[in-house]
Amino acid sequence: MRMKIGFLGLGTMGEPIANNLRKAGHDLTVWNRTAAKADHIVSKGGKLARTAREAATGRDLVFTCLSDEKALEAVLEGADGALAGLAKGNLLVDLSTAGTRSARSIATRCADRAVDFLSAPILGSKSAAEQAQIVLLAGGPGAARERARPALHAVSSRIIELEDAGQAALMKLCVNAVGGAMIAGFGEAIALGASGGIPIWKVIEVIQASPFHSPLFLVKGELIERTDWAPRFAIALAEKDQRLAQEAAADQGAKVPINEAVRRLLSEAVESGRGDKDVAALADLFLEWAKRK
1 MRMKIGFLGL GTMGEPIANN LRKAGHDLTV WNRTAAKADH IVSKGGKLAR TAREAATGRD
61 LVFTCLSDEK ALEAVLEGAD GALAGLAKGN LLVDLSTAGT RSARSIATRC ADRAVDFLSA
121 PILGSKSAAE QAQIVLLAGG PGAARERARP ALHAVSSRII ELEDAGQAAL MKLCVNAVGG
181 AMIAGFGEAI ALGASGGIPI WKVIEVIQAS PFHSPLFLVK GELIERTDWA PRFAIALAEK
241 DQRLAQEAAA DQGAKVPINE AVRRLLSEAV ESGRGDKDVA ALADLFLEWA KRK
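Numbering-wise, the sequence shown is residues 1 to 293 according to my numbering.
Structural data, given as structure tokens:
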């Protein structure tokens, strides 16, 4: 079924996801703060809106895909914001990792406008997005999930459904909390081995031969060996995700001491000037510390 879709936010993940919607034949209108990022999609038949409100007006479904809750709010609110362009019966789907507070707040504001809302955070990398192989955590009313299904299937390999937008946002934070602990432990182990004279490649080889091997370690291990810190997933974004997990834990009365430790490490990496580097560069911070003995 061909849908009229608005898409706001053409960053690392947003651009390939929006492009897959275009390739699936949907009538696509896009908006991005830096308009030049829409050039590829527009050259292939997509339309460019001048404002977020314009991109959301007259659409069956509107996607947002922003870096954090502040960027998301800036796109949603105001006279030129997306919420001003949404009308009764429209559907808003947020792909951002913006936390549980944001998801529940947006759900309330949409309900006030008789607009349906799904929180649908993304699991997967840029390459997975390009190949329409991401996994989406879709939380919200069943009828809204059903309406969004054709568009969600066009960009993903799997949709995991939850009844509540806040739960979908929380589930993404749970996943990223595990990922943060894994990359921190991996970087620490590499530095520990290196401080005793074991080559980095050997540490990685042995971890991958152990019961604790992981595709994450394989991919990030290759980057660490090459000292390739180009951001596939930036440290600053990882730190943001751990902060959002702490906020959710505080709201829910949960204790997350591992998450707190990982966030402190990521914050130190940001303060060291590594915020815009890939999370693999956390190992570089550990290696730097190991040389200070």
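Ideal placement from N, C-alpha and C gives every residue a C-beta, glycine not left out. On a predicted model such as this, the values are computed, not experimentally measured, just so you know.
query = If you draw a straight line from the alpha carbon of alanine 194 to that of glycine 185, how long is it in whole angstroms?
reply = 14 angstroms
request  = Just confirm the distance between the C-beta atoms of serine 102 and leucine 72, as a whole number of angstroms; I'd bet it's less than 8 angstroms.
outcome  = 6 angstroms
ask   = At what residues does the beta strand (DSSP E) containing leucine 92 begin and finish?
value = 91 to 94
request  = On a CA-only basis, which of Pro16, Gly58, Ile122 is nearest aspartate 39? Give me that one, please.
outcome  = Pro16
task = Would you check if the distance between the CB atom of isoleucine 134 and the CB atom of serine 119 is smaller than 8 angstroms?
result = no
task = Just list the alpha helix (DSSP H) runs in the segment 65 to 137, keeping only unbroken ones of 4 residues or longer that don't cross its boundaries, in chain order.
result = 69 to 76, 82 to 85, 99 to 112, 126 to 130
key: Spatial distance of glycine 46 from serine 105 (CA atoms)   = 30 angstroms
ask   = What is the DSSP secondary structure of glycine 25, counted as helix, strand or coil?
value = coil
query = Who are phenylalanine 7's beta bridge partners in DSSP?
reply = Val30, Phe63
ask   = Can you round the beta-carbon distance between alanine 269 and leucine 287 to whole angstroms, since I take them to be within the 8 angstroms contact cut?
value = No, alanine 269 and leucine 287 are not in contact; Cβ-Cβ is about 12 angstroms, not under 8 angstroms.
query = Looking at the unbroken alpha helix (DSSP H) that takes in glutamate 260, where does it start and where does it end?
reply = 257 to 269
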